[in-house]
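Undergrad: Before we start, here is the structure in question, set down as structure tokens.
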Amino acid sequence: MAAIATSVVSRLSSPSVLATSRWATLYSRVVSPSFLPSLAIGIPGVSLNLPTLDDIWESVLRAVPKNKVSHSRKRHRQMAGKALKDVNNLCKCPGCGETKRTHRLCQRCLEDMKRIWREDYPTDKPTNTRRTLRTSQDGNGSRTLGNIQNADGDSKSKQYLTTHTVDDAHITDIFSLATTPRAVLSASGSSTLHVHDTTDPAFPLRQSLSDAHKLGCHHVCTSRNGKVAASAGFGGEVKLWSLDQDTGDWRSDGELAGSSAKPGEVWALALSEDGGYLATTTNDGRINVWDIRDEKNSKIQEYETGSAGSGSFGMSVDLSRDGKYTASGHQSGAVYIFNNDTGRILYSLTGLAKPVRAVAFSPGSTRLAAAGDAGIIALYDMKHGEHVGNLTGHSSWITSLDWSDTGEFLLTGSMDGKVKVWSIERSACVATHSETDKALWAVRWLPKTGKSEMFCTAGAHRSLSFYREATGG
Numbered sequence: 001m002a003a004i005a006t007s008v009v010s011r012l013s014s015p016s017v018l019a020t021s022r023w024a025t026l027y028s029r030v031v032s033p034s035f036l037p038s039l040a041i042g043i044p045g046v047s048l049n050l051p052t053l054d055d056i057w058e059s060v061l062r063a064v065p066k067n068k069v070s071h072s073r074k075r076h077r078q079m080a081g082k083a084l085k086d087v088n089n090l091c092k093c094p095g096c097g098e099t100k101r102t103h104r105l106c107q108r109c110l111e112d113m114k115r116i117w118r119e120d121y122p123t124d125k126p127t128n129t130r131r132t133l134r135t136s137q138d139g140n141g142s143r144t145l146g147n148i149q150n151a152d153g154d155s156k157s158k159q160y161l162t163t164h165t166v167d168d169a170h171i172t173d174i175f176s177l178a179t180t181p182r183a184v185l186s187a188s189g190s191s192t193l194h195v196h197d198t199t200d201p202a203f204p205l206r207q208s209l210s211d212a213h214k215l216g217c218h219h220v221c222t223s224r225n226g227k228v229a230a231s232a233g234f235g236g237e238v239k240l241w242s243l244d245q246d247t248g249d250w251r252s253d254g255e256l257a258g259s260s261a262k263p264g265e266v267w268a269l270a271l272s273e274d275g276g277y278l279a280t281t282t283n284d285g286r287i288n289v290w291d292i293r294d295e296k297n298s299k300i301q302e303y304e305t306g307s308a309g310s311g312s313f314g315m316s317v318d319l320s321r322d323g324k325y326t327a328s329g330h331q332s333g334a335v336y337i338f339n340n341d342t343g344r345i346l347y348s349l350t351g352l353a354k355p356v357r358a359v360a361f362s363p364g365s366t367r368l369a370a371a372g373d374a375g376i377i378a379l380y381d382m383k384h385g386e387h388v389g390n391l392t393g394h395s396s397w398i399t400s401l402d403w404s405d406t407g408e409f410l411l412t413g414s415m416d417g418k419v420k421v422w423s424i425e426r427s428a429c430v431a432t433h434s435e436t437d438k439a440l441w442a443v444r445w446l447p448k449t450g451k452s453e454m455f456c457t458a459g460a461h462r463s464l465s466f467y468r469e470a471t472g473g
């Protein structure tokens, strides 16, 4: 019996039998009581920590990777709400009829204008320029300012000398200037208009028109031929003047019919080239055209820029030299072009959001310059009515502008006392002059009589300053 027990124990103790806890448990619970009833030997049970199905399933679940977000989906989430928006503000170009963005240049018209400019100036090539400001004095004490040179040292500027200054030309601020081939007329807050002779280098006072306007004069203009002049006073009256060909003096030629009905009925003035027509603006935005060749000085045209009586104040006006167009600038920043043949508005121009104090047609009537409180000069093409460029450089309100006889240069004056000469071809300032820190209310080119160009400025310093081009030699 003992031998049998020993044999069974040896078999049960082999590695193959003890491999699992199942056989070990069977031995301890079944075989031991049956085969060893009299033995008191305790054999410990063998247990192995094998993983259960629950443990295996949990590890399997943990081993499964999460869904990876693709780059495209991640990009979509990052750009949510940031995508390009549809362009809805489209309109038809009034020039060519193509679709363009509202308040933007028409690309087709712009390319046409560039092509035209290249044909007009085939030899024009851009140069590497740098701007240097020179201040010097000649033997007469005149000052020269404004010089632009290219990399080779060739001068690309317009240099001007202060040739003469008429101090205290008026007892109050000088608000307006008008030029003729032989004289310059000046108007101020006083009741007298002054005429200075420009053929004499000393620019002497030739004539004084006393009691022209009791409350002062804010605008004066002359015709291109220098035979007719018009002036507007703060009392609302508009007076006409004619040149006596025998004596060379100015005499009164009557008043504009109905202009003295109420102050503000007439503000800005502009005469046609031959002096036959006069354009005026009103405080309610209307532009009137008068036939002053008629003895009655009757009104022949009235343009509206808004509903009756509610238009924006007309601050400036001009007539083109060919007589086809009338332009007006308003306090709202709007600029309007009217066709004098049809009597209708031709263009409503944008680009200036502040009051427009000066508008002027180029000598060829192909461009319009407008400037004001925005401090920039906006240039418009008259063929398509498009805004073709800006001239920037003034740091204050621009109060006056004038084209040169050739249309190559533009003269501007501002509230900070600076006068600038601009090259239209290069769209750049070529000269800056500042003799005072007070406001310049008027700047005008003088008719070119010799090789050098000349211009005149006036303003709050109550003086007339004359400049000529430094031609060298």
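Be aware that the sequence shown starts at 1, since it is given in UniProt numbering, and climbs by one per residue. Cβ atoms here follow ideal geometry from the backbone N, Cα and C, with glycine treated the same way.
1. Identify every residue that forms a DSSP beta bridge with F466.
2. Smallest Cα separation from L446: which of D200, D291, F234?
3. Express the C-alpha separation of L256 and L145 in angstroms, rounding to a whole number.
4. Would M315 be called buried (16 or more neighbouring beta carbons within 10 Å of its own) or exposed?
5. Roughly how many angstroms lie between the CA atoms of A374 and T222, to the nearest whole one?
6. Here's a check: name, in chain order, each residue in its chain whose Cβ is nearer than 7 Å to the Cβ of A470, leaving out the five neighbours to either side.
7. Inspect the beta-carbon positions of Y347 and G385 and report whether they are closer than 8 Å.
8. Which of the three DSSP states is assigned to W267 in this structure?
9. So which of G333, G275, G459 has the shortest CA-CA distance to I171?
10. Report the option in D416, D381, S298, K92 whose CA atom is closest to the CA atom of A327.
11. If you compare alpha carbons, which of R73, V419, S423 is closest to H433?
12. Can you tell me which residues form a DSSP beta bridge with W250?
13. Taking all protein chains shown into account, decide if A80 is buried (16 or more other Cβ within 10 angstroms of its Cβ) or exposed.
14. Hey, L349 and H387: beta-carbon distance below 8 Å or not?
15. In the DSSP output, what is V228 paired with across the bridge?
16. Alpha carbon to alpha carbon, how far is E119 from H219? Give it in angstroms, no decimals.
17. First and last residue of the alpha helix (DSSP H) that includes H76?
18. Around the Cβ of E265, are there at least 16 other Cβ atoms within 10 angstroms (buried) or fewer (exposed)?
19. Quick one: give me the first and last residue of the beta strand (DSSP E) that G389 is part of.
20. Under the rule that 16 or more other beta-carbon atoms within 10 Å means buried, what is P355, buried or exposed?
21. Would you mind stating whether S423 and E408 have Cβ atoms separated by less than 8 Å?
22. For the stretch 164-203, list the beta strand (DSSP E) runs that are entirely contained and at least 3 residues long, ordered along the chain.
23. Since F361 is in the beta strand (DSSP E), which residue starts that stretch and which ends it?
24. Taking the DSSP output, what are the residues bridged to A212?
25. Specify the secondary structure class of R108 as computed by DSSP and reduced to three states.
26. Give the straight-line distance between the Cα atoms of A230 and G413, rounded to the nearest whole angstrom.
27. Between which two residues does the beta strand (DSSP E) harbouring H103 extend?
28. Helix or strand or just coil, what does DSSP make of W290?
29. So A212 packs on L269, CB below 8 Å; how close in whole Å?
30. To the nearest angstrom, how far is it from the Cα of G275 to the Cα of E295?
31. In this structure, how does DSSP classify E425 when only helix, strand and coil are distinguished?
32. Under the assumption that T192 contacts L209 (Cβ atoms under 8 Å), give the Cβ distance between them as a whole number of angstroms.
33. Taking only the alpha-carbon atoms, compute the straight-line gap between A370 and R75 and give it to the nearest angstrom.
34. Please name the residue in F234, E425, T457, C429 whose C-alpha comes closest to that of K114.
35. Based on the DSSP output, what are the partners of C221 in its beta bridges?
36. At the level of alpha carbons, what is the spacing between G189 and L110?
TA: On the basis of the supplied data:
1. By 1-based counting over the sequence shown, the position of residue 466 is 466. Its beta-bridge partners are H164, C456.
2. Here residue 446 is taken as the residue at index 446 of the sequence shown, counted from 1. The residue with the shortest Cα to Cα distance from L446 is D200.
3. In the sequence shown, counting from the first residue as 1, residue 145 sits at position 145. In the sequence shown, counting from the first residue as 1, residue 256 sits at position 256. A caution first: L145 carries a pLDDT of 41, below 50, which makes its placement in the model unreliable, though a value can still be read off. Roughly 43 Å between the two C-alpha positions.
4. Mapped onto the sequence shown, residue 315 falls at position 315. Answer is buried; the Cβ neighbour count reaches 16.
5. What you label residue 374 is simply residue 374 of the sequence shown in a count that begins at 1. What you label residue 222 is simply residue 222 of the sequence shown in a count that begins at 1. Approximately 28 Å, taken between the alpha carbons.
6. In the sequence shown, residue 470 corresponds to position 470, counting from 1. Counting only Cβ-Cβ distances below 7 Å, and skipping sequence neighbours, we find T144, Q159, Y160, L161.
7. If you number the sequence shown from 1, residue 347 lands on position 347. If you number the sequence shown from 1, residue 385 lands on position 385. Yes, they are a contact pair.
8. Counted from its first residue, the sequence shown places residue 267 at position 267. Of the three classes helix, strand and coil, the one that applies to W267 here is coil, per DSSP.
9. Start at 1 with the first residue of the sequence shown, and residue 171 comes out as number 171. Residue G459 is the option with its Cα nearest to I171.
10. Along the sequence shown, one-based indexing puts residue 327 at 327. Looking at the Cα atoms, D381 is the closest of the given residues.
11. Within the sequence shown, numbered from 1, the residue matching residue 433 stands at position 433. With distances taken between Cα atoms, H433 lies closest to V419.
12. Start at 1 with the first residue of the sequence shown, and residue 250 comes out as number 250. Looking at the DSSP assignment, W250 forms a beta bridge with L243.
13. As a working mapping, residue 80 is identified with position 80 in the sequence shown. Exposed, by the Cβ-count rule.
14. One-based indexing of the sequence shown puts residue 349 at position 349. One-based indexing of the sequence shown puts residue 387 at position 387. The answer is yes: Cβ separation under 8 Å.
15. Start at 1 with the first residue of the sequence shown, and residue 228 comes out as number 228. DSSP output for V228 lists S242 as bridge partner(s).
16. On the sequence shown, position 219 is the one that residue 219 refers to. On the sequence shown, position 119 is the one that residue 119 refers to. Distance between the alpha carbons of H219 and E119: 40 Å.
17. By one-based count along the sequence shown, residue 76 stands at place 76. 71-78 is the extent of the alpha helix (DSSP H) around H76.
18. Your numbering for residue 265 matches position 265 in the sequence shown. E265 should be labelled buried.
19. Indexing the sequence shown from 1 puts residue 389 at position 389. Per DSSP, G389 belongs to the beta strand (DSSP E) from 386-392.
20. For the purposes of this step, residue 355 is taken as residue 355 along the sequence shown, with counting starting at 1. Counting Cβ neighbours within 10 Å, P355 comes out buried, since at least 16 surround it.
21. Start at 1 with the first residue of the sequence shown, and residue 423 comes out as number 423. Start at 1 with the first residue of the sequence shown, and residue 408 comes out as number 408. Yes; because the gap between Cβ atoms is below 8 Å, this pair is in contact.
22. 174-179, 183-188, 193-197
23. As a working mapping, residue 361 is identified with position 361 in the sequence shown. Note, F361: beta strand (DSSP E), 356-361.
24. Residue mapping note: residue 212 aligns to position 212 of the sequence shown, counting from 1. In DSSP, A212 forms no bridge with anything.
25. Locating residue 108 in the sequence shown gives position 108, where the first residue counts as 1. Reduced to three states, the DSSP call for R108 is helix.
26. For the purposes of this step, residue 230 is taken as residue 230 along the sequence shown, with counting starting at 1. For the purposes of this step, residue 413 is taken as residue 413 along the sequence shown, with counting starting at 1. Spanning the two alpha carbons is a distance of roughly 22 Å.
27. Mapped onto the sequence shown, residue 103 falls at position 103. Segment: none, H103 is in no beta strand (DSSP E) and carries neither H nor E.
28. Here residue 290 is taken as the residue at index 290 of the sequence shown, counted from 1. The answer is strand: DSSP assigns W290 an E or B state.
29. For the purposes of this step, residue 212 is identified with residue 212 of the sequence shown, where counting begins at 1. For the purposes of this step, residue 269 is identified with residue 269 of the sequence shown, where counting begins at 1. So it is not a contact: roughly 14 Å between Cβ atoms.
30. In the sequence shown, counting from the first residue as 1, residue 275 sits at position 275. In the sequence shown, counting from the first residue as 1, residue 295 sits at position 295. One C-alpha to the other measures close to 14 Å.
31. By 1-based counting over the sequence shown, the position of residue 425 is 425. Looking at E425 - three-state DSSP - the assignment turns out to be coil, as it is neither helix nor strand.
32. If you number the sequence shown from 1, residue 192 lands on position 192. If you number the sequence shown from 1, residue 209 lands on position 209. Confirmed, about 6 Å.
33. Here the question's residue 370 lines up with position 370 in the sequence shown. Here the question's residue 75 lines up with position 75 in the sequence shown. Cα-Cα distance, rounded: 48 Å.
34. Here residue 114 corresponds to residue number 114 of the sequence shown, with the count starting at 1. Checking every option, the nearest Cα to that of K114 belongs to E425.
35. On the sequence shown, residue 221 is found 221 positions in, with the first residue counted as 1. C221 is bridged to A230.
36. One-based indexing of the sequence shown puts residue 189 at position 189. One-based indexing of the sequence shown puts residue 110 at position 110. Computed Cα separation, rounded: 44 Å.
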